[in-house]
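See below for the structure under consideration.
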């Protein structure tokens, strides 16, 4: 920027550095309260009263990914440590996959097999999830998209005898 423009902006009292950490800490405190009430940090935008917090949570995940890639971001190691201390979930989809795996283990304990009906009454998501895992595995064997069926997931499913 030209010195002339800098001088003009300085003359009108332009603020060059805006401190945002106060706002971040306010939102962090709000997330702590949310966790105390709900037992987790998975704030959803579906609840209108929590939309601003949900958007902030999404922003933290985006910034964390950027930080991990070595890009410039507002996320710091200190902030990620604070969020980790709350049990913050950085990869929601990954966390959900592991929850479904636990549900599948419980199903096997109750029923003795992994033949979960597509519309399994107590947990309709489980039937769809099992079908999706089988389909993703078949696609992977055919040389299709492997992103939804990582080797780690195959190992975890094999470990439980799926």
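Numbering (full-length UniProt numbering), first residue to last: 1 to 162.
Backbone N, C-alpha and C fix where the C-beta goes; we use that ideal spot for every residue, glycine too.
Keep in mind the model is a prediction, meaning the values are calculated, not measured.
Spanning the alpha carbons of residue 53 and residue 126 requires a straight line of approximately 29 Å. At a Cβ-Cβ threshold of 8 Å, residue 118 and residue 128 count as neighbours. Counting of Cβ neighbours within 10 angstroms places residue 5 among the exposed residues, the total staying below 16.
In this structure, the CA atom of residue 35 is about 43 Å from the CA atom of residue 9. Taking residue 114 as reference, the option from 88, 157 and 96 with the minimal CA-CA separation is 157. Less than 8 Å separates the beta-carbon of residue 92 from that of residue 42. For residue 162, the three-state secondary structure derived from DSSP is coil.
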